[in-house]
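K.L.:
In C-alpha cells, the structure reads:
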C-alpha cells in the first residue's frame, strides 16, 4: 500500500531538483544531473576566524540557483530540501573535516525567529548531515538575543557587533574537552559562527570547525 501511495504521489507530484526545479528522472536523488555537473563549487578554507574557528567548508558557492534554492528553503517553507542539503554538507565534511570533530551541532535560531518561521533551518540540515555521517546532531547552543538579521548589516564589523553576546552554551559538560562541528545553511563573513565558536570555547570546548551548504565566492 505504501508503495502504491508513493507511486501515485510521484505521478501527480513528481520529485524535482531542489536547485533548478526540473523533474527528476530515475536514479537522480534531489539534484538533477545537470546541476550536479554545473553548480558552482566552493573550495574549503583553513582559517583562523578571530582565533575561534579553525576551518570552514561548504560544497557550493552562494550564487544563482544555489542562492535561490536556499532562499526557498529558508523563507519559503521548503523543509524537504534539508535532506539534500544535509547530504551535500556530509559529503563535504567527509572530504575535508574527517577526524576533526567529536560532536555535530548547529547555529540556532532565536525563539522569536523560530516562532516566525516555524522551523530551524540549520538544525534540519545538521540532523540530515549527521544521519549521513552515521552520527546524531546535538544541541550545544541557545540563542538568547533576537538581533536584526545579519543580512541587513552593511559590513563585517557591523555583523560582529550585531551578534556579540547572542548565544549561550546549553550544557558546558557536553562540550567540555570536545571538538564541535557547527553546521549552518549559509556562512558569509563568518561573524555568526565565530561568535558561536567563541561561546563554545569559553565553555571548555576543545575546538570548532564549521560547515554550511554554501558560501559566497572568494574575493
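In the numbering used here, the protein residues as written are 8 to 226. A virtual CB, placed ideally from N, CA and C, is assigned to each residue, including glycine. The structure displayed is predicted, hence computed values, not measured ones.
Determine the direct distance from the alpha carbon of residue 171 to that of residue 132, and round the result to whole angstroms.
P.N.:
Within the chain shown, numbered from 1, the residue matching residue 132 stands at position 125. Within the chain shown, numbered from 1, the residue matching residue 171 stands at position 164. Using only the alpha carbons, I get a separation of about 24 Å.
K.L.:
Between the C-alpha atoms of residue 85 and residue 93, what's the straight-line distance to the nearest angstrom?
P.N.:
Taking the first residue of the chain shown as position 1, residue 85 is located at position 78. Taking the first residue of the chain shown as position 1, residue 93 is located at position 86. Distance between the alpha carbons of residue 85 and residue 93: 14 Å.
K.L.:
When the Cα atoms are used, what is the spatial distance from residue 44 to residue 67?
P.N.:
As a working note, residue 44 is residue 37 in the chain shown. As a working note, residue 67 is residue 60 in the chain shown. Residue 44 and residue 67: Cα-Cα distance of roughly 12 Å.
K.L.:
Identify every run of the beta strand (DSSP E) within the region 28-78, keeping only runs that are complete inside it and at least 3 residues long; order them along the chain.
P.N.:
52-56, 60-64
K.L.:
Would residue 103 and residue 47 qualify as a contact pair, given that the criterion is a beta-carbon distance under 8 Å?
P.N.:
Along the chain shown, read from residue 1 onward, the residue named residue 103 stands at position 96. Along the chain shown, read from residue 1 onward, the residue named residue 47 stands at position 40. In this structure, residue 47 does not lie closer than 8 Å to residue 103 by Cβ.
K.L.:
With respect to the alpha helix (DSSP H) encompassing residue 90, which residues constitute its N-terminal and C-terminal limits?
P.N.:
The residue given as residue 90 occupies position 83 in the chain shown. Its alpha helix (DSSP H) spans residues 88-103.
K.L.:
Are there 16 or more other CB atoms within 10 angstroms of the CB of residue 189, so buried, or fewer, so exposed?
P.N.:
To locate residue 189, count along the chain shown from 1; it is residue 182. That one is buried.
K.L.:
Just verifying my parser: in three-state terms, what is the DSSP assignment at residue 222?
P.N.:
Looking up residue 222 in the chain shown gives position 215. Strand at residue 222.
K.L.:
Looking only at C-alpha atoms, which of 106, 126, 136, 181 sits nearest to residue 148?
P.N.:
Here residue 148 refers to the residue found at position 141 when the chain shown is read from its first residue. Nearest C-alpha to residue 148: 181.
K.L.:
Can you tell which of 112, 74, 75, 174 has its C-alpha closest to the C-alpha of residue 152?
P.N.:
As a first step, residue 152 must be located in the chain shown, where it is residue number 145. The shortest C-alpha separation from residue 152 is found at 174.
K.L.:
Using the rule of at least 16 other Cβ atoms within 10 Å of the residue's Cβ for burial, across every protein chain shown, is residue 90 buried or exposed?
P.N.:
Taking the chain shown and counting its residues from 1, one reaches residue 90 at position 83. Counting the other Cβ atoms within 10 Å of the Cβ of residue 90 gives 16 or more, which makes it buried.
K.L.:
Let me know if residue 25 comes out buried or exposed under the rule of 16 or more other beta-carbons within 10 Å of its beta-carbon.
P.N.:
Within the chain shown, the letter at position 18 stands for residue 25. Under a 10 Å Cβ-count criterion, residue 25 is classified as buried, with 16 or more other Cβ atoms of the shown protein chains found around its own Cβ.
K.L.:
Please name the residue in 64, 208, 88, 63 whose C-alpha comes closest to that of residue 75.
P.N.:
Indexing the chain shown from 1 puts residue 75 at position 68. Looking from the CA of residue 75, the closest CA among 64, 208, 88, 63 belongs to 88.
K.L.:
For residue 252, which three-state DSSP category applies?
P.N.:
There is no way to answer for residue 252, as the model of the chain reaches only from 8 to 226.
K.L.:
Does the beta-carbon distance from residue 59 to residue 201 come in below 8 Å?
P.N.:
Taking the chain shown and counting its residues from 1, one reaches residue 59 at position 52. Taking the chain shown and counting its residues from 1, one reaches residue 201 at position 194. Between residue 59 and residue 201, the C-beta gap is smaller than 8 Å, which places the two residues in contact.
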